[in-house]
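Below is one structure, written out as structure tokens, with a few remarks after it.
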Amino acid sequence: MKRHLQAIAASLSLVCAAAVAHAAAPRSVTVDAATMSSGLIKTSVLHLETRHSVSVAYGMVIDPTPVITLRRRIVAARAKLTLDDANLARSRKLYRSGGNVSKASLQQIQAETAITQARVEELLAQAKARYGAALGRVIADDGAAFRAISSGGSLISVVQAGAILATPPAASARIPDGSRVTLRPVGAAGRIPKGLLGQAFFYTGPALAIGSPLAVTLRVPGAVTGYEVSAASLVWHDNGPFVFVRTGASRFIMYRVTTAHKLRHKGTISGFFVPGADLPAHPAIVTSGAGLLNSALADSRATVPNSD
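All residue numbers for the sequence shown refer to our numbering, where the first residue is 28 and numbers rise by one.
Structure representation (structure tokens):
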């Protein structure tokens, strides 16, 4: 089989496109009828797609007990403040009407109410400082995210090292059993976990073991328009990645790929998402035989200017 491939490669008629000695200039290969009919070279016409950019971040399921405890303290302090406010209002009314409340007693009740008010404010500030403004507000107001956590859901800290984001992006995570789950954003965290650098966010998710590390995928703002190219289509030439595009019955042009975003399937690289600017519209990409064309091009000794 190896000799058969070498024989076919040797029979390829090469027409190399050279543009002012530029390393990235397109080059072409024209193959003979026997090679085309061999079935070793196959192509697939691709259609333009729009995809959102994604990045990988580090996630950790954290213990929600301190959050739940802080919520209970806030509830208790607010309840006491409600009672103190009512007692203060009643005492003021009695004092003004000449009831059995002295000025000193009224001042004592005012002081106790002020202390309770300060305690509530202290707990609210503590919630925001420890957990960030968003989660702090959720804790204080019994928001949906807090109810999810207190009912058995997980609280997840996510740290991403990319560009600073104004809000937590849509996210999903691969959990220990191998499945992928959607995470619900809460907001920016008040602190970055020790030993990590980047921007920290809080998310909620399904019930997971505390301390579980998670590989989190973030869908960051912005979109990329391009083509999904199979891994077998990319070849290396002149220290760069290229793909071959069929432009005629037996003619193929090599295009340099400037950016290729990896596509994975079950942990294995299945292909690349190539920006549309790198390729012509609706390209007929070589999906099988790209290595054969590349070898023939590399083995060429005689080149002539491209007629295009």
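We treat Cβ as the ideally placed atom computed from N, Cα and C, and that holds for glycine.
The region 303-314 touching the region 61-72, judged by at least three CB pairs closer than 8 Å: Result yes; three or more Cβ-Cβ pairs closer than 8 Å.
Grouping DSSP H, G and I as helix and E and B as strand, with all else coil, what is Ala227? The residue given as residue 227 occupies position 200 in the sequence shown. Three-state result, Ala227: strand.
Between the beta-carbon of Leu150 and the beta-carbon of Ala104, is there less than 8 Å? As a working note, residue 150 is residue 123 in the sequence shown. As a working note, residue 104 is residue 77 in the sequence shown. Closer than 8 Å, so yes.
Would you kindly report the start and end of the unbroken beta strand (DSSP E) that includes Ala193? The sequence position of residue 193 within the sequence shown is 166, counting from 1. Looking at the DSSP string, Ala193 is not in any beta strand (DSSP E), and its letter there is neither H nor E.
Using CA coordinates, which residue listed in Thr274, Val251 and Val272 is at the minimum distance from Thr286? The count along the sequence shown starts at 1 and reaches residue 286 at position 259. Ranking Thr274, Val251 and Val272 by Cα distance to Thr286 puts Val251 first.
Specify, as a first and last residue, the run of the beta strand (DSSP E) that Ala250 falls within. On the sequence shown, position 223 is the one that residue 250 refers to. Per DSSP, Ala250 belongs to the beta strand (DSSP E) from Pro240 to Ser257.
Would DSSP call Ala51 helix, strand or coil? For this step, residue 51 is matched to residue 24 along the sequence shown. Bear in mind that a pLDDT of 45 at Ala51, under 50, signals an unreliable position, so the number given afterwards is only what the model happens to contain. Of the three classes helix, strand and coil, the one that applies to Ala51 here is coil, per DSSP.
Taking all protein chains shown into account, decide if Leu224 is buried (16 or more other Cβ within 10 angstroms of its Cβ) or exposed. On the sequence shown, residue 224 is found 197 positions in, with the first residue counted as 1. Residue environment: Leu224 is assigned as exposed (fewer than 16 neighbouring CB atoms within 10 Å of its CB, all protein chains considered).
According to DSSP, simplified to helix, strand and coil, what is Lys221? As a first step, residue 221 is located in the sequence shown; it is residue number 194 there, counting from the start. In this structure, Lys221 counts as coil in the three-state DSSP scheme.
Ends of the alpha helix (DSSP H) at Ala145? Residue mapping note: residue 145 aligns to position 118 of the sequence shown, counting from 1. Ala145 -> alpha helix (DSSP H) spans Lys130 to Asp168.
Boundaries (first-last residue) of the alpha helix (DSSP H) holding Thr109: Counting from one through the sequence shown, the residue named residue 109 turns up at place 82. Segment Thr92 to Arg123, the alpha helix (DSSP H) holding Thr109.
Leu75 in three-state terms, based on DSSP: Position 48 of the sequence shown, counting from 1, holds the residue named residue 75. Of the three classes helix, strand and coil, the one that applies to Leu75 here is coil, per DSSP.
Within a Cβ cutoff of 6 Å, which residues of the same chain sit near Thr140, ignoring the five residues on either side of it in sequence? On the sequence shown, position 113 is the one that residue 140 refers to. Correct list, in chain order: Asp111 and Leu115.
Taking only three categories from DSSP, how would you classify His70? Start at 1 with the first residue of the sequence shown, and residue 70 comes out as number 43. Looking at the sequence shown, residue 70 is not His but Thr. Collapsing the DSSP output to three states places Thr70 in a strand.
If we ignore side chains and look at the alpha-carbon of each, how far apart do Ser257 and Ala152 end up? Here residue 257 refers to the residue found at position 230 of the sequence shown. Here residue 152 refers to the residue found at position 125 of the sequence shown. Going by the C-alpha atoms only, they are around 52 Å apart.
Cut-off 8 Å between Cβ atoms - residues of its own chain near Ala236, not counting five sequence neighbours on either side: Here residue 236 refers to the residue found at position 209 of the sequence shown. Result list for Ala236: Val88 and Pro203, in chain order.
Within 10 angstroms of its Cβ, does Leu75 collect 16 or more other Cβ (buried), or is it exposed? By one-based count along the sequence shown, residue 75 stands at place 48. Exposed: under 16 other Cβ atoms inside 10 Å.
Within the same chain, show all residues whose beta-carbon is closer than 6 Å to that of Gly303, passing over the 5 residues directly before and after it, in chain order. Mapped onto the sequence shown, residue 303 falls at position 276. Result list for Gly303: Leu75, Thr252 and Gly253, in chain order.
Return yes when the Cβ of Val94 is within less than 8 Å of the Cβ of Leu210, no when it is not. Mapped onto the sequence shown, residue 210 falls at position 183. Mapped onto the sequence shown, residue 94 falls at position 67. Against a cut-off of 8 Å, the Cβ pair of Val94 and Leu210 comes out as no contact.
Residue range of the unbroken alpha helix (DSSP H) whose run includes Thr62: Within the sequence shown, numbered from 1, the residue matching residue 62 stands at position 35. Its alpha helix (DSSP H) spans residues Ala60 to Ser64.
Can you confirm whether the region 217-234 touches the region 189-197 when touching is taken to mean that 3 or more C-beta pairs between the two stretches lie within less than 8 Å? Taking 8 Å as the limit for Cβ pairs, the verdict is that the region 217-234 does touch the region 189-197.
Run of the alpha helix (DSSP H) containing Ala175, from where it starts to where it stops: What you label residue 175 is simply residue 148 of the sequence shown in a count that begins at 1. Element bounds for Ala175: Ala171 to Ser177.
Is it buried or exposed for Ala281, if we count other Cβ within 10 angstroms and need 16 for buried? On the sequence shown, position 254 is the one that residue 281 refers to. The sequence given here places Met at residue 281; Ala does not occur at that position. Under the 10 Å beta carbon count, Met281 is surrounded by 16 or more other beta carbons and is classified as buried.
Could you spell out the range, first to last residue, of the beta strand (DSSP E) harbouring Val205? If you number the sequence shown from 1, residue 205 lands on position 178. The sequence shown places Gly at residue 205, rather than the Val named in the question. Here Gly205 belongs to no beta strand (DSSP E), and DSSP marks it neither H nor E.
Taking DSSP as the reference, what is the three-state secondary structure of Ser260? Looking up residue 260 in the sequence shown gives position 233. It is helical.
Put Ala317 into one of helix, strand or coil per three-state DSSP. Here the question's residue 317 lines up with position 290 in the sequence shown. DSSP, reduced to helix, strand and coil, places Ala317 within a helical segment of the structure shown.
Can you tell which of Pro233, Ala215 and Thr274 has its C-alpha closest to the C-alpha of Ser178? Taking the first residue of the sequence shown as position 1, residue 178 is located at position 151. Its Cα nearest to that of Ser178, the residue Pro233 stands out among Pro233, Ala215 and Thr274.
Cα separation between Ala160 and Val301? For this step, residue 160 is matched to residue 133 along the sequence shown. For this step, residue 301 is matched to residue 274 along the sequence shown. Distance between Ala160 and Val301, taken at the CA atoms: about 39 Å.
Let me know if Asn127 comes out buried or exposed under the rule of 16 or more other beta-carbons within 10 Å of its beta-carbon. Start at 1 with the first residue of the sequence shown, and residue 127 comes out as number 100. Burial call: exposed.
Which residues DSSP lists as bridging Gly303, in chain order: Position 276 of the sequence shown holds residue 303. Paired residue(s): none; Gly303 is not in a bridge.
Any idea which residues DSSP pairs Leu236 with across the strands? Counted from its first residue, the sequence shown places residue 236 at position 209. The amino acid at residue 236 is misidentified as Leu; the sequence shows Ala. Beta-bridge partners of Ala236 (DSSP): none assigned.
Quick check on the DSSP output: the beta strand (DSSP E) that includes Pro268 runs from which residue to which? Translated into positions along the sequence shown, residue 268 becomes position 241. Where Pro268 is concerned, the enclosing beta strand (DSSP E) starts and stops at Gly267 to Arg273.
C-alpha distance - Ser82 paired with Gly189, whole-angstrom precision: Along the sequence shown, read from residue 1 onward, the residue named residue 82 stands at position 55. Along the sequence shown, read from residue 1 onward, the residue named residue 189 stands at position 162. Each residue's Cα considered, the two are about 8 Å apart.
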